[in-house]
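Respectively, the protein sequence lines represent chains D and P. Quick note: the first sequence, position 138, residue 290 per this note's numbering, numbers continuous. Quick note: the second sequence, position 822, residue 861 per this note's numbering, numbers continuous. Take a look at the structure set out below.
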Amino acid sequence: MDRETQVTERRRAPVIQPGYTFATITDKISSIVLARPVTNSWLVGFGFAGLITMMLLYAIGYLFVRGVGIWGVNIPVAWGFAIVNFVWWIGIGHAGTLISAILLLLRQQWRNSINRFAEAMTLFAVACAGLFPLLHLGRPWLFYWLFPYPNSMTYWPQFRSPLVWDVFAVSTYFTISLVFWFIGLIPDLATLRDRAENRWAAMIYGILAMGWRGSARHWKRYEKAYLLLAGLATPLVLSVHTVVSFDFAIAILPGWHTTIFPPYFVAGAIYSGFAMVLMLAIPIRKWYALEDFITIRHLENSAKVMLATGLIVAYGYATEAFMGWYSGNDLDAFLLWNRLHGPYHLTYYALLFANVGFPQVLWFRKWRTRPGLLFLVSAVILTGMWIERFVIVVISLHRDFLNSSWGMYYPTKWDWMTFIGTLGFFCFAFFLFVRILPMISIFEMRTLLPEAEVKEAE
Amino acid sequence: MTERENQMREVCPGKRGKLDWGEIRRRLEQTKGPEYWRSLEELAASHEFRDLMGREFPRGASEWLDGLSRRGFLKLMGASLALAGLGACTKQPLEPIVPYVKQPEEFVPGRPLFYASAFTMRGYATPILVESHLGRPTKIEGNREHPATGGGTDAFAQASLLDLYDPDRSQTITYLGDPYSWSSFLAAFRGPLAAQKAVQGSGIRILTQTVSSPTLADQLRAFLKLYPAARWHIYEPVNRDHAYGGAQMVCGQPLETQYRLEKADVILSLDADFLYGGYPGFTRLAADYASRRHPEQAMNRLYVVESTATSTGAKADHRLPLPAGRIEQFARTLHRVLESNREEGLGAAEQQPLLSAVARDLRAHRGRSAVIVGDNQPPVVHALGHLINETLGNVGQTLVYTDPVSASPENSMDSVRELVSDLRGGKVDMLIILGGNPVYDAPRDLDFADALKNSRVPLRIHLGLYQNETAELCHWHLNEAHYLEAWGDTRSYDGTVSIIQPLIAPLYDGKSMYEFMALLSGQSEAAGYQLVQGYWQKQHGVADFDSFWRRALHDGWIAGTAFAPRTAVAKAANLPAAASPQAEAIEINFRPDPTIWDGRFSNNAWLQELPKPMSKMTWDNPVYIAPAMAARLKVEKKDLVELELGGRRIQVPVWVQAGQPDNTVTVFLGYGRRRAGRTGTGFGFDFYELRAGALPWFTTGVGIRKISGSYDLASTQGMQSMDAEIGERPLVRETDLDEYRRNPNFAQEQEPAKDETLYPVLPGFDYAKEPYAWGMAIDLNACVGCNNCIVACQAENNIPVVGKEQVIRGRHMHWLRVDTYYQGDRDEPRAFFQPVPCMQCEHAPCEVVCPVGATVHSTEGLNDMVYNRCVGTRYCSNNCPYKVRRFNFLRFQDWDTPQFKMMRNPNVTVRSRGVMEKCTYCIQRITQHRVDAERADTLIKDGELETACQQSCPTRAIIFGNINDPHSKVAQLKRSPRNYSLLGELNTRPRTTYLAEIRNPSAQPRSAGQAVPAGQSEHS
């Protein structure tokens, strides 16, 4: 760090509290995995999340037996919770990639303490998201027909459909995120291998560490590969949600057929993603006493990103409303009217409050440095972003071109079970993650220490 | 014991019945020719076996027909398992399966055959052609060549096919609920019948529904000759008592009025819903009405004064909602005005503008107008109708009088009242109920059920299609053969006789009424065929009979059997004095249900799920009240109210119906069945409870009170308003005749310019080069919203029903729907119908978004569905602006019931769960005709290929054909200035287009009803 940066840094909360050395950092983080006993509270949380995961499996099992009719979807609202959840979860994933890839390229070193678990969050969120397009199919056992693969049926996907683009976007995203995450884990896995006292654990970490010895050549290759993957992942942050937004923007439905959707979706994705990062970081730093590593600085930075993306999202809403009036198109105007006065108007007002109104508290440093309040704001934003997708999917569909075909969408208990089930599965996976892998990158944290600075020989 | 017998004991320990080998040998010796038996027990005619054959499930199981309780289900499962075990021991049936050595002529597997037959309701026949695939009737079509009916069908005729295959139909003869054989019935029946012979049959009562069949009437009369003291009663809940009574009043005899609406310039309907199925001669009336709705030619003008919102009212050029009880006053005033040629003393203020306009218009069209009175109006209004027609000189011009179609046009209500008093008086020893369900639908103040139960009639016999409420209270129930299973004859509206040809041997060995009557008259085993043929042989004579008979069967009617017009003069002298109506009391109207009629179609799922024309209600019969009245009572749709009439109370949900006259409520009969079958039992509310024999159609003094709670109603149309909150939605484009003459292109003003785009225009597919480009034009002027096309489509395309709960969720499956829109003041609205099939867009939004290419475009311009490819993303439906796509959210199709397997059209895929489906312009028909044309090396000629909806449409509102052929009917229609595309502004280029609706209002009345011309209507 150059001098000037250090000066500015001093005015703000530090990225890592002073007093740590290479050894203490490694100790502190690896001990969570290797030394810390299984606590009752972890067991309770893990067990509860596991139960909810079971509920998800039950709901999915019943879905496969009976068909998507167990959900509230109908004609005209042929897409319901499944697509809402899909878009929401995919969006949440974006923050992880943004933190690990884009902030890496931008040399934002504060990212080092949060990138590992943010990436894990991405993976789990994308896994949850990926479930839904499959589950919502009428005939889910034929999902593979969306892939171009050689077959004897002279069958080929229809590449004009955004759903096929989705398949590629999401599967690429998941693959790159997984590889990126794993590569980033290798040095830490080696650390765990070396420190593990349990023979089995050492063996497993050893296999996963893929022979990492920490030689200079390893580091050189590692840095290059990581940078390349970051370069690959960076456009994905923008492209995945852009493609997801095409699912809507390509359609001719009023409320979907909008060119503003790609940037507005990406901003919304990052918005909700950072909210999820904060919702995970704030309890974790407390429970695992990691306040020294995940400092107020991190929380504040995340809050600032939320504020910025939240404003972009608000701009998106404003544009939609403006265009409803300015376009002179009856249907667009009606869509706006229907959002404000239709049967789902409460969701629209809730959306404006949660995504536009309430997050404005983040303007004030006093408030955005309070973890409790930040947690609340994040929860509100996550809810708001979920409602946003509900507004886009359901309100647009339920009253479209022909008055005769208007309808209502009422989610069933199976809709809720599936949605809550994925929340449970997400937590379940996260509970496992914090116990078996270092949730903060050890080696990257060490680079934050002053000792890590490479000084030119004086 | 033989070795074989021992073996059998060992293998089938469950079978304890002893086989009498001696008996078997004796029987074998007696049988002649090839006869096959299924097992030895059958041969031995053991009681257990007969019991097993007669019941699908063992004793006790059939009581659970109506819904399964958990216990019942377990018992049933246990029993079925036990049966399965037994069944495994049964030897496979020994039946000869031999291929044809010589193929019968015209019998080509895969090609359907069509037979002429007729469907009868209320005694009136709808002549039909029945499509038969390898002996299985699969579809009912209109008989275009029939001289009297115009060739269309109604929804009831279309749906009657489902009744044939209804698994809940009565399948066996029962005595007190236990299955018995025909021979045991005969044994039990002969004694009492012989005993009656001695007393000239004075203890015999026969109760039928309306009989128009010449053969059956002849049989009944012959029977009455044999047993002179016996009585034949007729009861029909939706009867024509008042129509015949009105004619009796002023003409001195019961007469049928046949209208020739093609000659009428002005039509006045007094509460007559003649543009909907079930009205006598509906297909003819609708066709004639529509033939005069071309704005290029002289258009007729329809005035409707009605007490319930009906499709006839929706088509009216002027509509006046009026309580049924005040229509008499309207008719009297009109009569007086027309008689006196003066306009003094007109009726109440709100009727006056319309009344004077009607009077002026009628007077200006003497001999070219017609007044039609609905069956629910009292005889005096019918009498007034006759008088007005007489005054206007319409008799002989736009209408003729004939004999009634009913063979015995007696008063239904009187007849059943007399029967009940005989029952109670102990005069009846033997009651024979041929069809019908009087326990359910007779006036409840007669308490027919109680009369049956407590009057100790020694022998009560019910012949019917269903084990219904009446069968339950009879000793014997005989399962009747469906009309598609048995020979018969019937009369259509004009009297022309059609022979009812069976299409299939009785599925459950049912007997027809003809066969039963033959039995009564002592011809014990006469077959229906011989009876009907024998009757006509007597009529026609032996000479040349064979060709006469063949011709009758082939054509579907017997030439020269139409009634000759009767001369009758209506005289005003007999008109009773006017009663003063009670102005303030709330009136209740009882109407037959538009889909399940009087309850006879309760178990018909196609009709249950058919949206009622004005409310789009399915599966239910709420009480319909006017918006103004709803506001006063502070009730909304689905709120519960309590109706109270004459001490009887009933709690029902409310439906706020636009166009319902204020201070009146309408209820539809036919629901609330206790014993209809799995489909019909328990749905809706039984308004027969409130219906009194003396005032069967409407009465005042009903109390209505809001109570707490609500009730789910399944309406298929999301929003019936065309007055959107922001901007008007000209979905149905319409104007009046004057405006149309000034600006004939009004409908096309909103069409976008072709290829209006910011992008370079790419050369699209050149459809013009193809031999065929299929298209459809729907004339909104001709569509009367009769719903017939929906059922025709359902039958043709194997469309499943989904049930009330799924309809509420918005998952009904109709490929073709008829949207009903309202505009203007909801108490006196304007209403429009718009049938919406798939638009087959050339730029189909659904196609580009399907990820698996399951919906693709054909070179002939069809938007094809490839069911096998569909994985069910439902994106296509989201992107379809017309929302015509239907999705199998669950497994809606019944794959298990064997009867339904026989019913399905073999040329249409039966869709599974998770697959999208939609209208294909009946591609199976197109393909078949294309194959034929290619074999003949020609092109499909215009008119020879008709879609199912088009074929059955009585008004020919739907025209389908090749738009590449400039001479085709559809191409001509599409050149009409009225032709417009629905949502054409989206540039989807739909192949289905509409011809805008043109109304023909009279210039004068400005304030009443729908008097306000288009464009100036005051919107709510």
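Backbone N, C-alpha and C define an ideal beta-carbon position, used for all residues, glycine too. Nothing here was measured: the structure is a model prediction, and the numbers come from that model.
- For chain D, is any of its Cβ atoms less than 8 Å away from the one on L1025 of chain P? Mapped onto the second sequence, residue 1025 of chain P falls at position 986. So yes, L1025 of chain P belongs to the interface.
- Message: Can you tell me where the alpha helix (DSSP H) holding F737 of chain P begins and where it ends?
- Response: As a first step, residue 737 of chain P must be located in the second sequence, where it is residue number 698. Counting along the chain, F737 of chain P falls outside any alpha helix (DSSP H), though it belongs to the beta strand (DSSP E) covering F737 to T739.
- Message: Using 8 Å as the threshold, is the C-beta distance between Q690 of chain P and L708 of chain P below it?
- Response: By one-based count along the second sequence, residue 690 of chain P stands at place 651. By one-based count along the second sequence, residue 708 of chain P stands at place 669. Cβ atoms of Q690 of chain P and L708 of chain P: not closer than 8 Å.
- Closer than 8 Å by C-beta to M904 of chain P: which residues in its own chain qualify, once you throw out the five before and the five after it? Chain order, please. If you number the second sequence from 1, residue 904 of chain P lands on position 865. Only A893, T894, M955, E956, K957 and T959 meet the Cβ criterion.
- Message: For a contact defined as C-beta to C-beta under 9 Å, what are the partners of V888 of chain P on chain D?
- Response: Looking up residue 888 of chain P in the second sequence gives position 849. Neighbours of V888 of chain P on chain D, chain order: Q310, R312, S313, P314, L315, D399, I402 and A403.
- Check whether the Cβ of R522 of chain D lies closer than 8 Å to any Cβ atom in chain P. The residue labelled residue 522 of chain D in the question sits at position 370 within the first sequence. For R522 of chain D, the answer is no, since every Cβ of chain P falls outside 8 Å of its Cβ.
- What do you get for F369 of chain P, buried or exposed, if any count of 16 or more other CB atoms within 10 angstroms of its CB means buried? Along the second sequence, one-based indexing puts residue 369 of chain P at 330. With 16 or more Cβ atoms within 10 Å of its Cβ, F369 of chain P is classed as buried.
- Would you kindly work out how many angstroms separate the C-alpha atoms of F999 of chain P and P319 of chain P, rounded to a whole number? Numbered from 1 along the second sequence, position 960 holds the residue referred to as residue 999 of chain P. Numbered from 1 along the second sequence, position 280 holds the residue referred to as residue 319 of chain P. For F999 of chain P and P319 of chain P, the distance between alpha carbons rounds to 28 Å.
- Message: Can you tell me where the alpha helix (DSSP H) holding S671 of chain P begins and where it ends?
- Response: Mapped onto the second sequence, residue 671 of chain P falls at position 632. Reading off the sequence shown, one finds Arg at residue 671 of chain P, where the question assumed Ser. R671 of chain P -> alpha helix (DSSP H) spans P666 to L672.
- Message: Less than 8 Å between CB atoms is the rule here; does S916 of chain P satisfy it with respect to chain D?
- Response: Residue numbering aside, residue 916 of chain P sits at position 877 when the second sequence is read from its first letter. Yes, its Cβ sits closer than 8 Å to a Cβ of chain D.
- Task: Can you have a look at Q197 of chain P and say buried or exposed, based on whether 16 or more other CB atoms are within 10 angstroms of its CB?
- Result: The sequence position of residue 197 of chain P within the second sequence is 158, counting from 1. Per the 10 Å Cβ criterion, buried.
- Message: Checking 8 Å against the spacing of the C-beta atoms, do S346 of chain P and I366 of chain P come in under that value?
- Response: For the purposes of this step, residue 346 of chain P is taken as residue 307 along the second sequence, with counting starting at 1. For the purposes of this step, residue 366 of chain P is taken as residue 327 along the second sequence, with counting starting at 1. For S346 of chain P and I366 of chain P, yes; Cβs fall inside 8 Å.
- Task: Could you tell me the distance, in whole angstroms, from the CA atom of R463 of chain P to the CA atom of L203 of chain P?
- Result: On the second sequence, residue 463 of chain P is found 424 positions in, with the first residue counted as 1. On the second sequence, residue 203 of chain P is found 164 positions in, with the first residue counted as 1. Spanning the two alpha carbons is a distance of roughly 36 Å.
- Message: When you compare the CB of V220 of chain D with every CB in chain P, is at least one pair closer than 8 Å?
- Response: Position 68 of the first sequence holds residue 220 of chain D. Cβ-Cβ to chain P under 8 Å: yes for V220 of chain D.
- Message: Counting C-beta neighbours from all protein chains within 10 Å, is the total for Y1066 of chain P 16 or more, i.e. buried, or is it exposed?
- Response: Residue numbering for chain P in the displayed model covers 40 to 1059; residue 1066 of chain P lies beyond these limits and cannot be assessed.
- Query: Does any residue of chain D bring its CB to less than 8 Å from the CB of N507 of chain P?
  - Reply: In the second sequence, the residue the question calls residue 507 of chain P occupies position 468. So, not an interface residue.
- Message: Within 8 Å of any Cβ in chain D, is that where the Cβ of F872 of chain P sits?
- Response: Taking the second sequence and counting its residues from 1, the one referred to as residue 872 of chain P is at position 833. No, because no Cβ of chain D sits closer than 8 Å to the Cβ of F872 of chain P.
- Query: What separation, rounded to the nearest whole angstrom, lies between the Cα atoms of L512 of chain P and I212 of chain P?
  - Reply: Indexing the second sequence from 1 puts residue 512 of chain P at position 473. Indexing the second sequence from 1 puts residue 212 of chain P at position 173. About 14 Å.
- Item | Burial state of A311 of chain P (16 or more Cβ within 10 Å) | Position 272 of the second sequence holds residue 311 of chain P. Per the 10 Å Cβ criterion, buried.
- Query: Along the region 223-257 of chain D, what residues have a CB closer than 9 Å to any CB found in chain B?
  - Reply: Absent from the structure: chain B. Protein chains present are D and P.
- Interface positions of the region 556-575 of chain D facing chain P (Cβ-Cβ less than 7 Å), listed along the chain: S556, S557, W558 and G559
- Item | Cutoff 7 Å; reference P362 of chain P; Cβ partners in own chain excluding five residues on either side | On the second sequence, residue 362 of chain P is found 323 positions in, with the first residue counted as 1. Result list for P362 of chain P: S346, E626, P700, N702 and T703, in chain order.
- Query: Hey, would you say N836 of chain P sits closer than 8 Å to V857 of chain P, going by beta carbons?
  - Reply: Numbered from 1 along the second sequence, position 797 holds the residue referred to as residue 836 of chain P. Numbered from 1 along the second sequence, position 818 holds the residue referred to as residue 857 of chain P. Not a contact, by the Cβ cut-off of 8 Å.
- Return the residue from the list P:R924, P:T948, P:K922 and P:A611 that minimises the CA-CA distance to W934 of chain P. For the purposes of this step, residue 934 of chain P is taken as the residue at position 895 of the second sequence. Looking at the Cα atoms, P:T948 is the closest of the given residues.
- Message: I need the boundaries of the beta strand (DSSP E) containing A329 of chain P, first residue and last residue.
- Response: Stepping through the second sequence from its first residue, residue 329 of chain P is reached at position 290. Not the beta strand (DSSP E): A329 of chain P falls in the alpha helix (DSSP H), residues F321 to S330.
- Please name the residue, chosen from D:F577, D:S183 and D:L451, that lies closest to R520 of chain D on a Cα-to-Cα basis. As a working note, residue 520 of chain D is residue 368 in the first sequence. That would be D:L451, whose Cα lies nearest to the Cα of R520 of chain D.
- Query: When DSSP labels each residue in this structure, what does T165 of chain P get in the three-state scheme?
  - Reply: Working through the second sequence from its first residue, we reach residue 165 of chain P at position 126. Residue state, collapsed to three classes: strand.
- In chain P, which residues lie with their C-beta within 7 Å of the C-beta of F299 of chain D? Walking along the first sequence from the start, residue 299 of chain D turns up at place 147. Within chain P, no residue comes near F299 of chain D; the closest Cβ sits about 10 Å away, beyond 7 Å.
- Message: Between Q756 of chain P and chain D, is the shortest Cβ-Cβ distance under 8 Å, so that the two count as touching?
- Response: Translated into positions along the second sequence, residue 756 of chain P becomes position 717. Output row for Q756 of chain P: interface = yes.
- Pick from D:K180, D:V395, D:F527 and D:T205: whose alpha carbon is nearest that of A455 of chain D? Position 303 of the first sequence, counted from the first residue, corresponds to residue 455 of chain D. Checking every option, the nearest Cα to that of A455 of chain D belongs to D:F527.
- Return yes when the Cβ of M288 of chain P is within less than 8 Å of the Cβ of V147 of chain P, no when it is not. Stepping through the second sequence from its first residue, residue 147 of chain P is reached at position 108. Stepping through the second sequence from its first residue, residue 288 of chain P is reached at position 249. Against a cut-off of 8 Å, the Cβ pair of M288 of chain P and V147 of chain P comes out as no contact.
- Query: Mind pulling the chain D residues with CB within less than 9 Å of N927 of chain P?
  - Reply: Numbered from 1 along the second sequence, position 888 holds the residue referred to as residue 927 of chain P. Those are G219, G221 and G290, listed as they occur along chain D.
- Item | Rounded straight-line distance, which links the Cα of G719 of chain P to that of A821 of chain P | The residue labelled residue 821 of chain P in the question sits at position 782 within the second sequence. The residue labelled residue 719 of chain P in the question sits at position 680 within the second sequence. Taking the straight line from one Cα to the other gives about 33 Å.
- In the structure shown, what three-state DSSP assignment does A870 of chain P receive? Counting from 1 along the second sequence, the entry for residue 870 of chain P is found at position 831. Looking at A870 of chain P - three-state DSSP - the assignment turns out to be strand.
- Message: Let's test the definition: count the other Cβ atoms within 10 Å of the Cβ of E681 of chain P and tell me whether it reaches 16, buried, or not, exposed.
- Response: Looking up residue 681 of chain P in the second sequence gives position 642. Under this definition E681 of chain P is an exposed residue.
- Minimum C-alpha distance to G503 of chain P - residue among P:P482, P:T529 and P:G475: Start at 1 with the first residue of the second sequence, and residue 503 of chain P comes out as number 464. Comparing Cα-Cα distances from G503 of chain P to each of P:P482, P:T529 and P:G475, the minimum goes to P:G475.
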